[in-house]
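Peer 1:
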Amino acid sequence: MVASWRVARGTLLVASLAVFAALAWTAWPLDLSGVPLHRYAGFAAAGAFLWATSGYVVRWALRFAGTDSDAGDADTGRAIGKVENALVLTLVLTGAYTALGLVFTAKSIVRWQDMDSENTTYYLTGSVANFTYSLLVGVAALAVFGPSPF
């Protein structure tokens, strides 16, 4: 079980780096001579900070709500949560706020069959806490480092 989580975590890290690399690649043809390098470093740091801390925030929210789950649900939630972190941060940094609603709606539709189970509070609390935290980190990065050149 630990080995499979390590593989999943490594895969998600590579996927997140690919998303950030795609953002950098799309920005390459732009005239970025007037954009300070610290802005890009700040956005990358925001992504690393979000990646490292989102699990703690979600676990705190789940404990606060008094929900429990089995290990399989927790591992799946971590994997989905890290992908959601990268996606939400990317959409916030690119200013695609409308797409955020689509992401949240799609996730809710996928989880619809789980709403009848005893883990409804677990799914809702984890999803909303992770989505909100990702959104806040993205907005804070924009506030601190200025508008995204993407």
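First residue of the sequence shown: 358, per the working numbering; consecutive thereafter. All C-beta atoms in this analysis are idealised placements derived from N, C-alpha and C, irrespective of residue type, glycine included. Computed from a predicted model, the values in this text were never measured in an experiment.
#1: Can the beta-carbon of Phe400 be found less than 8 Å from the beta-carbon of Ser491?
#2: With a Cβ-Cβ cutoff of 8 Å, do Val415 and Gly495 count as a contact?
#3: Can the beta-carbon of Leu499 be found closer than 8 Å to that of Val460?
#4: Rounded to whole angstroms, what's the CA-CA distance from Leu457 to Val445? Just pull it up for me.
#5: Count the other CB atoms, across all protein chains shown, that sit within 10 Å of the CB of Leu419; report buried if there are 16 or more and exposed otherwise.
#6: Once DSSP output is grouped into helix, strand and coil, what is the label at Thr451?
#7: Since Asn476 is in the alpha helix (DSSP H), which residue starts that stretch and which ends it?
#8: What is the C-beta distance between Arg396 and Gly412, in whole angstroms, given that I count them as a contact (C-beta under 8 Å)?
#9: Just checking my contact of Thr478 with Ala422 at CB under 8 Å: how many whole Å lie between their CB atoms?
#10: Among the residues of its own chain, which have a CB less than 7 Å from the CB of Ala486, if the five just before and after it don't count?
#11: In the DSSP assignment, find the alpha helix (DSSP H) that holds Ser411 and state where it starts and stops.
Peer 2: Concretely, from the data shown:
#1: Stepping through the sequence shown from its first residue, residue 400 is reached at position 43. Stepping through the sequence shown from its first residue, residue 491 is reached at position 134. In this structure, Ser491 does not lie closer than 8 Å to Phe400 by Cβ.
#2: Counting from one through the sequence shown, the residue named residue 415 turns up at place 58. Counting from one through the sequence shown, the residue named residue 495 turns up at place 138. No, the Cβ-Cβ distance between Val415 and Gly495 is not below 8 Å.
#3: The residue labelled residue 499 in the question sits at position 142 within the sequence shown. The residue labelled residue 460 in the question sits at position 103 within the sequence shown. For Leu499 and Val460, no; Cβs fall outside 8 Å.
#4: By one-based count along the sequence shown, residue 457 stands at place 100. By one-based count along the sequence shown, residue 445 stands at place 88. In a straight line, the C-alpha of Leu457 is about 7 Å away from that of Val445.
#5: Translated into positions along the sequence shown, residue 419 becomes position 62. It counts as buried.
#6: Your numbering for residue 451 matches position 94 in the sequence shown. In the structure shown, Thr451 sits in coil (DSSP, three-state: anything other than H, G, I, E or B).
#7: Position 119 of the sequence shown, counted from the first residue, corresponds to residue 476. Note, Asn476: premise wrong, no alpha helix (DSSP H); not H, not E.
#8: What you label residue 396 is simply residue 39 of the sequence shown in a count that begins at 1. What you label residue 412 is simply residue 55 of the sequence shown in a count that begins at 1. About 27 Å; that fails the 8 Å criterion.
#9: Residue 478 sits at position 121 when you count from the first residue of the sequence shown. Residue 422 sits at position 65 when you count from the first residue of the sequence shown. Contact flag correct, Cβ pair sits at about 6 Å.
#10: Residue 486 sits at position 129 when you count from the first residue of the sequence shown. Val414, Val415, Ala418.
#11: Locating residue 411 in the sequence shown gives position 54, where the first residue counts as 1. Counting along the chain, the alpha helix (DSSP H) containing Ser411 begins and ends at 394-422.
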